[in-house]
Amino acid sequence: MAINKHTEFRYKVWHYTYLTICGLVFFFLIAPLFVIIPLSFNAEQYIHFSDDMLALKPEAFSLRWYEDMVYGTKNPWGLAFRNSLVIGIFATIGATTLGTLAALGLSSKFMPYKALIMSILISPMVVPLIISGSALFFFLAKIGLSSSMLGIIIAHIILGTPFVVITVTATLSSFDHSLTRAASSLGSSPMNTFFKVILPLITPGVVSGALFAFVTSFDEVVVVLFLAGPDQTTVPIQMWTGLREQLSPTILSVATCLIAGSVIILVLMEILRRRSERLRGIQLR
Amino acid sequence: MSKILTTEGLPLEKSLKRVEQKNKFRAFLLVLPLLLFLIVAYVWPILNLLTRSVDNRLISDLLPQTAIALSNWEGNEMPSEDIYKTFYLDLNEAHKQKLSGKVSTRLNYAKNGFKSLINKTRRKLKNFEDENYKDQFIDLNKKWGDIEYWQAMKVAMPKYTIDKYLGSVDLEKNYSGEIIQKPEKRRIHRTLWYRTFYVALGVTICCLLLAYPIAHLLSTLPLRYSNLLLICVLLPFWTSLLVRTSSWMILLQQQGVLNDILVYFKIVGDKSRLELMYNMTGTFVAMTQILLPFMVLPLYSVMKTIPPSLMRAGSSLGGTPFHSFRKIYFPLTYPGIGAGSLLVFILAIGYYITPALVGGASGTLISNRIAYHMKESLDWSMASAMGAMLLVSVLVLYWLYNKILGIDNIKLG
Numbered sequence: 040m041a042i043n044k045h046t047e048f049r050y051k052v053w054h055y056t057y058l059t060i061c062g063l064v065f066f067f068l069i070a071p072l073f074v075i076i077p078l079s080f081n082a083e084q085y086i087h088f089s090d091d092m093l094a095l096k097p098e099a100f101s102l103r104w105y106e107d108m109v110y111g112t113k114n115p116w117g118l119a120f121r122n123s124l125v126i127g128i129f130a131t132i133g134a135t136t137l138g139t140l141a142a143l144g145l146s147s148k149f150m151p152y153k154a155l156i157m158s159i160l161i162s163p164m165v166v167p168l169i170i171s172g173s174a175l176f177f178f179l180a181k182i183g184l185s186s187s188m189l190g191i192i193i194a195h196i197i198l199g200t201p202f203v204v205i206t207v208t209a210t211l212s213s214f215d216h217s218l219t220r221a222a223s224s225l226g227s228s229p230m231n232t233f234f235k236v237i238l239p240l241i242t243p244g245v246v247s248g249a250l251f252a253f254v255t256s257f258d259e260v261v262v263v264l265f266l267a268g269p270d271q272t273t274v275p276i277q278m279w280t281g282l283r284e285q286l287s288p289t290i291l292s293v294a295t296c297l298i299a300g301s302v303i304i305l306v307l308m309e310i311l312r313r314r315s316e317r318l319r320g321i322q323l324r
Numbered sequence: 015m016s017k018i019l020t021t022e023g024l025p026l027e028k029s030l031k032r033v034e035q036k037n038k039f040r041a042f043l044l045v046l047p048l049l050l051f052l053i054v055a056y057v058w059p060i061l062n063l064l065t066r067s068v069d070n071r072l073i074s075d076l077l078p079q080t081a082i083a084l085s086n087w088e089g090n091e092m093p094s095e096d097i098y099k100t101f102y103l104d105l106n107e108a109h110k111q112k113l114s115g116k117v118s119t120r121l122n123y124a125k126n127g128f129k130s131l132i133n134k135t136r137r138k139l140k141n142f143e144d145e146n147y148k149d150q151f152i153d154l155n156k157k158w159g160d161i162e163y164w165q166a167m168k169v170a171m172p173k174y175t176i177d178k179y180l181g182s183v184d185l186e187k188n189y190s191g192e193i194i195q196k197p198e199k200r201r202i203h204r205t206l207w208y209r210t211f212y213v214a215l216g217v218t219i220c221c222l223l224l225a226y227p228i229a230h231l232l233s234t235l236p237l238r239y240s241n242l243l244l245i246c247v248l249l250p251f252w253t254s255l256l257v258r259t260s261s262w263m264i265l266l267q268q269q270g271v272l273n274d275i276l277v278y279f280k281i282v283g284d285k286s287r288l289e290l291m292y293n294m295t296g297t298f299v300a301m302t303q304i305l306l307p308f309m310v311l312p313l314y315s316v317m318k319t320i321p322p323s324l325m326r327a328g329s330s331l332g333g334t335p336f337h338s339f340r341k342i343y344f345p346l347t348y349p350g351i352g353a354g355s356l357l358v359f360i361l362a363i364g365y366y367i368t369p370a371l372v373g374g375a376s377g378t379l380i381s382n383r384i385a386y387h388m389k390e391s392l393d394w395s396m397a398s399a400m401g402a403m404l405l406v407s408v409l410v411l412y413w414l415y416n417k418i419l420g421i422d423n424i425k426l427g
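Here the protein sequences come in this chain order: A and D. Read left to right, the first sequence gives residues 40 to 324 (the working numbering). Read left to right, the second sequence gives residues 15 to 427 (the working numbering).
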């Protein structure tokens, strides 16, 4: 609704009310995240804005909780971070490979039972994690993979594939299939066509699917709670235990690092989106 | 009319069919690895989990003869000497194989008190004489003369049962097989189901009310500004769930930021700080904020396809802005409302982490109860029965989503 000098007064009032409401909702969405960041630089042990902090005195701020995160005694975060990274990377590789292949098949117009198969492939995203966790707990115990990294990786591949399937299918839906026919008519083998023609064009979709899979794995706590032994602690598990016992400032430093991580991912996704739009020759809205 | 032939001399129709068949096979082959993997490592384990909910073979395997004897017993009057004897033989056998602990745990699910009763009895088993088992049992502990224990045992015996499903809605079977309400003080599950449903519904409605205006704003602003504001939606979307939950813990604690602000502005006294966390309020507020992006994004993607000229056309035909909004704009956003609401509802109904951390005792949901049965009470059949009911409700919603919007239309980010 455009506002100009001819607009009736009551609509002006309504328009500004509407903008205020929007502002408040945006504040509600984003503000909680920004409470964490200053508190993680707190010099005191309490999670509390002290008067000194509010007066912006330099001595009220310190990096001690970041030091504690990296060098602290009996420090669980190093191991947790390494485990999360290993699990995340392998789960991403597995989910991206399987998911991309499946998406290629699904977007072929010859694919039989498309709807049924699609809904099976998406199901890990929809089924409550607590159920997936319980089911995988019994399954992995039966095949002797309980409390093992491999077990968690398998679980995270399962949880990550729906995202890859969705993003890659979405990219392929706007893919011009005459390009593959053109490649074949010029004598390219199917393999060659895939690597030289299809893959470069769908890379943005594949990479954003992979990012989704990685974030899902890196963030996942419910299923890991069921599967992990003491050696397989991950960052989310460590945070979960910490939050259940006591909210310590060290957790806030970890949280701040994770927020920084999500900013990086956000930027990557935006770059990918622009690249994909350019590749497909779609003009910006 | 002669048939059109290909260069190989086959009819064109046949040749085309063959190629299509080949393409079909090729497409299927690409999907096959993931499909097989999911069926073996996901669908099968879930089905397997579901069978646990009705599988009650453990107890009848431990006490095989007693199971048969009790199934023939009417349950109105005290069991006969024969039943006591069979029970003695079975229990003694189980005890020799060091399985009597399992018997006591399992029977304790059927009736509280069985655990200590069996544990007391099994130590004396070797002193039993070869006759008058009934009297010896009752002498040992007079609970063995209480018909309620035998009735509970009879109810617990069948190999497959729906008892756990009844239990998860606070019903139980009495000895004659009638389904009755559990005693008042043992009814805990039904409240949880209602609560889960209401929280999911409430969170969905709140998300819709909050998301609608901002999705509208995002879709009408020039691209430069809307991309900037979209970050406010996407940053929480990409941030770890635990990080966002911990930020709510900081805000809502009694010594937390919100209470500090309220005290600072003298809205509440320092002594009477509000309890915002470890109750329903905490769960509700935190879940609304965490799930809000899942409502905004589908709404936004629908709204940005609605041409602004429609509203202008409405005005030029004499509609007030509110009238054109109600008659034109709002109906066009139905797909977005449907997609967002179903998505949020599906996610909310199975929520575990946030309620466990900020919910306290009065703000936990059905998932938390399932986790409790999985990890603490170790009543796995109960966990899977409750899981099955949760799963069915989610799958119905998923089916609806599929039916209304089509699974291909799920969009991310």
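Yeah, the Cβ is synthetic: ideal placement off N, Cα and C, and Gly gets one too. Bear in mind the structure is a predicted one, so any value in this text is a computation, not a measurement.
C-alpha gap between ARG324/A and LEU272/D, whole angstroms: For ARG324/A, the predicted model reports a pLDDT of 33, less than 50, meaning its position is unreliable; a value from the coordinates is still stated below. In this structure, the straight-line span from the alpha carbon of ARG324/A to that of LEU272/D is close to 40 angstroms.
Straight-line gap, LEU419/D to PRO349/D (C-alpha atoms, nearest Å): Per the coordinates, the alpha-carbon of LEU419/D lies some 7 angstroms from the alpha-carbon of PRO349/D.
Three-state secondary structure (DSSP) of GLU88/D: Shown here, GLU88/D sits in coil according to DSSP, grouped into three states, outside any helix or strand.
Test item: CB-CB of LYS38/D and GLU27/D under 9 angstroms: By the CB criterion at 9 angstroms, LYS38/D and GLU27/D fall outside the cutoff.
Proximity of LEU48/D and GLY138/A at Cβ, strictly below 9 angstroms: Yes, the pair counts as a contact, with Cβ atoms nearer than the cut-off.
Beta carbon of LEU63/D nearer than 9 angstroms to that of ALA82/A: Going by C-beta atoms, LEU63/D is not nearer than 9 angstroms to ALA82/A.
Contact the stretch 250–261 of chain D vs the stretch 297–307 of chain A: 3+ CB pairs below 8 angstroms: Judged by Cβ distances under 8 angstroms, the stretch 250–261 of chain D makes contact with the stretch 297–307 of chain A, as three or more pairs qualify.
Short CB-CB distance (under 9 angstroms) between VAL211/D and chain A: According to the sequence as given, residue 211/D is Phe; it is not Val. Not one chain A Cβ lies under 9 angstroms of PHE211/D.
Proximal residues to THR368/D (C-beta, below 6 angstroms), its chain only, five neighbours per side dropped: Contacts found: THR259, ALA300, MET301.
DSSP beta-bridge partners of LEU19/D: For LEU19/D, which the question treats as bridged, DSSP gives the partners PRO25/D.
Closer than 9 angstroms to chain D by CB, TRP104/A: Answer no: the Cβ-Cβ gap between TRP104/A and chain D never drops below 9 angstroms.
Proximal chain D residues relative to TYR110/A, where beta-carbon distance stays under 8 angstroms: Within chain D, not a single residue places a beta-carbon under 8 angstroms from that of TYR110/A; the smallest gap is close to 22 angstroms.
The stretch 247–264 of chain A contacting the stretch 44–55 of chain A, beta-carbon criterion three pairs below 8 angstroms: No, the stretch 247–264 of chain A does not touch the stretch 44–55 of chain A.
Beta-carbon neighbours of LEU405/D, restricted to chain A and to distances below 9 angstroms: The contacting residues are VAL166, PRO167, ILE170.
Whole-number beta carbon distance between VAL282/D and LEU276/D, since they are thought to touch under 8 angstroms: That belief holds up - the Cβ atoms of LEU276/D and VAL282/D are roughly 5 angstroms apart, short of 8 angstroms.
9 angstroms Cβ cutoff, VAL257/D in contact with chain A: Taking CB atoms only, VAL257/D has a neighbour in chain A less than 9 angstroms away.
heavy atom of the ligand MG below 8 angstroms from CYS246/D C-beta: Judged by which ligands are present, the structure shown has none, so any question about the ligand MG falls away.
Selected residue, minimal CA-CA separation from ILE276/A, among GLY117/A, HIS87/A, ILE60/A: GLY117/A is the residue among GLY117/A, HIS87/A, ILE60/A whose C-alpha sits nearest the C-alpha of ILE276/A.
Where PHE48/A falls, given that 16 or more other Cβ within 10 Å makes a residue buried: It is exposed - the Cβ of PHE48/A has fewer than 16 other Cβ atoms within 10 Å.
Residues that DSSP places opposite GLN195/D in a beta bridge: Looking at the DSSP output, GLN195/D bridges to LEU185/D.
9 angstroms Cβ cutoff, TRP116/A in contact with chain D: Judged by the 9 angstroms Cβ criterion, TRP116/A is not in contact with chain D.
Whole-angstrom C-beta distance between TYR56/D and GLN197/A, which should lie under 8 angstroms: It should be pointed out that residue 197/A corresponds to Ile in this sequence rather than to Gln. Correct: roughly 5 angstroms between the Cβ atoms.
For ASP498/D, three-class secondary structure by DSSP: This structure gives no information on residue 498/D, because the portion of chain D shown stretches from 15 to 427.
Sheet register partners of ASN81/A (DSSP bridge): PHE100/A.
Proximity of LEU318/A and LEU249/D at Cβ, strictly below 9 angstroms: Against a cut-off of 9 angstroms, the Cβ pair of LEU249/D and LEU318/A comes out as no contact.
Residues of the stretch 55–74 of chain A whose Cβ lies closer than 7 angstroms to any Cβ of chain D, in chain order: Across the stretch 55–74 of chain A, CB contacts with chain D closer than 7 angstroms involve TYR57, ILE60, CYS61, VAL64, PHE65, PHE67, LEU68, ILE69, PRO71, LEU72, VAL74, in sequence order along the chain.
Buried versus exposed, by CB contacts within 10 Å (16 or more), ARG66/D: The residue in question, ARG66/D, is buried, as its Cβ has 16 or more Cβ neighbours within 10 Å.
Beta-carbon proximity of ALA267/A to VAL204/A, cut-off 9 angstroms: Pairing ALA267/A with VAL204/A gives a Cβ-Cβ distance that is not under 9 angstroms.
7 angstroms Cβ shell around LYS196/D - same chain, five flanking residues per side excluded: Around LYS196/D: ASP184, LEU185, GLU186.
Counted within 10 angstroms of its Cβ, other Cβ atoms place PRO321/D as buried (16 or more) or exposed: Exposed, by the Cβ-count rule.
Where LEU137/A meets chain D, residues with beta-carbon distance less than 8 angstroms: The contacting residues are PRO47, LEU48, PHE51.
Spatially closest choice to ARG40/D from GLU316/A, LYS148/A, SER227/A, by CA coordinates: Ranking the options by Cα distance to ARG40/D, first place goes to LYS148/A.
Beta-carbon neighbours of THR200/A, restricted to chain D and to distances below 9 angstroms: Per Cβ cutoff of 9 angstroms: LEU48, PHE51, LEU52.
CA-to-CA distance, ALA362/D to THR295/D, given in whole angstroms: Taking the CA atoms as reference points, THR295/D sits about 15 angstroms from ALA362/D.
ASP153/D, DSSP secondary structure in three states: ASP153/D falls in the helix class under three-state DSSP.
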